[in-house]
Amino acid sequence: MSFSIIIVLISFILEGIISKYIPMNTVLFESFFTVISLIIIYPYFHNKEKKYFTLAFFTGLFYDIVYTNTFLFNAIIFLVISYIVKKINAYISNNYINVAIISLIIIIIYRILVYFVLCLINYLDFNIKSLLYSIADSLILNMIYSVVLYLITDYISRKKHITKID
């Protein structure tokens, strides 16, 4: 489990560093590394889903406090995302292609959830074009990150004999 926490922490910190040097809403480079880390770490929580959901919730809460200045918003979104990751992983094996596919699905779901909540509270006006652009803005960098992070964690887990589900 400490391996998973390290992955989340590295992703969390790297997301902060990237967002400092690449302004938010920059076309093709909006990072969601922390969300991607939830996809990568799931296989390391075989038969420990409660711990996975707890880590996801507290990661989202910490994300709220540090990056968004909100309370419980991303904590709940991360919990929902984690549940979806769990459900998807029940049907597909764990390899870099499937991780890329899951990342694509999760990024789209994350963007839609956040966008609709912001529309519901009248922070944003609904605009399908704006939603589609926000999804497109976050795909390339995050897809690359998911595959690279998967390959690195897979290599480390094989070398250090860290158990995960395939």
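Going by the working numbering, the residue at position 150 of the sequence shown is 154; the numbering climbs one at a time, nothing skipped.
Just so you know, even glycine gets a beta-carbon here, dropped at the ideal spot from N, CA and C.
Closest residue to residue i among the options (Cα-Cα distance)
i, options, result
"F75", "I105, G64, I85, V12", "G64"
"K168", "I144, V151, S97", "S97"
"I21", "E34, Y95, I9", "E34"
"D68", "N78, L136, A60", "N78"
"L42", "H165, I125, F62, Y25", "F62"
"L155", "N73, V121, N99", "N99"
"I106", "V151, L135, Y127, Y137", "V151"
"L83", "K55, N126, N146", "K55"
Integer Cβ distance of residue i from residue j, believed to fall under 8 Å
i, j, result
"F57", "S86", "6 Å"
"V103", "I14", "Not quite, the Cβ-Cβ distance comes to about 16 Å (not below 8 Å), so this is no contact."
"K91", "E53", "K91 to E53, Cβ: 11 Å. No contact."
"I139", "R115", "5 Å"
"F49", "S142", "At roughly 25 Å, the Cβ-Cβ gap does not stay under 8 Å, so F49 and S142 are not in contact."
"N93", "Y159", "Wrong, their Cβ atoms sit about 20 Å apart, outside the cutoff."
"L59", "I9", "7 Å"
Status (buried if at least 16 other CB within 10 Å, exposed otherwise) for residue i
i, result
"T157", "buried"
"Y119", "buried"
"L17", "The question names Leu, yet the displayed sequence has Ile at residue 17. Classification of I17: exposed, given that the 10 Å Cβ count is below 16."
"I101", "exposed"
"N146", "buried"
"T72", "exposed"
"I125", "exposed"
"Y149", "buried"
"L153", "buried"
Residues near residue i by beta carbon distance below 7 Å, same chain, minus five either side
i, result
"I88", "I110, I113"
Cβ neighbours of residue i in the same chain (closer than 8 Å, five flanking residues each side left out)
i, result
"C2", "As shown, the chain starts at 5 and ends at 170. That puts residue 2 outside it, with no answer to give."
heavy atom of the ligand ADP below 7 Å from residue i C-beta
i, result
"F61", "Of ligands this structure carries none, so the ligand ADP is not represented either."
Cβ shell of residue i (< 6 Å), same chain only, five flanking positions each side left out
i, result
"L117", "I81"
"V31", "Unreliable placement is indicated for V31, whose pLDDT of 48 sits below 50; no coordinate value is reported for it."
Quiz item: Which ranges does the alpha helix (DSSP H) cover as unbroken runs of at least 4 residues, wholly within the region 15-102, from first to last along the chain?
Solution: List check, alpha helix (DSSP H) in window: 37-45, 53-67, 77-93.
Self-check item: 4-residue-minimum alpha helix (DSSP H) runs that sit fully inside the region 104-144, ordered along the chain
Solution: 132-141
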